[in-house]
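K.L.:
This is the structure I have questions about; it appears just below.
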Amino acid sequence: MVFQGASNLALDAKGRLGVPTRHREVLQLLCQGRLTVTKHPDGCLMLFPRPTWETFRDKVAALPMSAAGWKRVFLGNAMDVEIDSAARVLISPELRKSAGLKNDVMLIGMGSHFELWDTEAHAAHEAEVMSGPLPDALKDFSF
1 MVFQGASNLA LDAKGRLGVP TRHREVLQLL CQGRLTVTKH PDGCLMLFPR PTWETFRDKV
61 AALPMSAAGW KRVFLGNAMD VEIDSAARVL ISPELRKSAG LKNDVMLIGM GSHFELWDTE
121 AHAAHEAEVM SGPLPDALKD FSF
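Okay, structure coming up:
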């Protein structure tokens with residue numbers, strides 16, 4: 001399953017995120033609505049369907065001691081959540097604060113998982129990426 005596309009969304013007063021309709025059925029089939037949310041190195045959050053999270057978690061857990069700090073970032077901040085009957089997931093206050101999430105957010109499909117960004121932070125990050133040079137990995141890529 002590949003998740004793609006961007007959705008402009010709003011967190012409610014309790015920090016709940018409405019799951020876009022186009023992803024709900026797939027997430028129910030793929031993981032019974034069970035997700036895991038954790039920090040991303042770029043300052044956003046990652047939302048994984050539980051089976052995808054378990055694969056990612058196992059890779060992170062197998063990293064050497066030299067990566068212990070990143071293990072703490074990814075595993076130590078992971079929160080298991082479920083899509084509720086109103087098709088929402090609760091983003092914990094700690095994770096909202098760490099990603100600077102206020103009200104307006106962007107949910108970005110990244111293939112196997114999602115990224116959750118503060119809308120303004122996402123726009124700034126994307127502008128920075130677009131203004132920089134093309135990475136070597138993309139220089140021979142055909143569009």
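Residue numbers (UniProt numbering): 1 to 143. Glycine is no exception: its CB is placed at the ideal position from the N, C-alpha and C atoms.
#1: Buried or exposed, going by whether 16 or more other CB atoms sit within 10 Å of the CB of residue 65?
#2: Once the 5 residues before and after residue 4 are set aside, which same chain residues still bring their CB inside 6 Å of it?
#3: How would you label residue 123, buried or exposed, when you count the other beta carbons within 10 angstroms and need 16 or more for buried?
#4: Measure the C-alpha to C-alpha separation of residue 95 and residue 118 and round it to an integer number of angstroms.
#5: What three-state label does DSSP hand residue 85 in the structure shown?
#6: Assuming contact is defined by CB atoms lying nearer than 9 Å, are residue 37 and residue 81 in contact in what I supplied?
#7: Quick check: the stretch 15-35 against the stretch 127-135, are there 3 or more CB pairs under 8 Å?
#8: So, at 8 Å on beta carbons, what are the nonlocal neighbours of residue 100 in its own chain, with the 5 sequence-adjacent residues on each side left out?
#9: May I have the straight-line CA-CA distance separating residue 136 from residue 12, to the nearest angstrom?
#10: Determine the direct distance from the alpha carbon of residue 114 to that of residue 67, and round the result to whole angstroms.
#11: So, is residue 52 buried or exposed, given that buried needs 16 or more other C-beta atoms within 10 angstroms?
#12: Rounded to whole angstroms, what's the CA-CA distance from residue 97 to residue 134? Just pull it up for me.
#13: Pull the bridge partners of residue 46 from the DSSP assignment, please.
#14: Below 6 Å CB to CB, which residues in the same chain sit around residue 6 once its five sequence neighbours on both sides are set aside?
#15: Of all the beta strand (DSSP E) runs that stay within the bounds of the stretch 3-27, which reach a length of 3 or more residues?
P.N.:
So, from the listed chains and residues:
#1: exposed
#2: 109
#3: By the neighbour-count criterion, in which a residue is buried when 16 or more other Cβ atoms sit within 10 angstroms of its Cβ, residue 123 is exposed.
#4: 12 Å
#5: coil
#6: Residue 81 is positioned such that its CB atom lies closer than 9 Å to that of residue 37.
#7: no
#8: 43, 118 and 121
#9: 41 Å
#10: 23 Å
#11: Burial call: buried.
#12: Going by the C-alpha atoms only, they are around 31 Å apart.
#13: 38 and 115
#14: Hits under 6 Å: 106 and 108.
#15: 3-10 and 16-18
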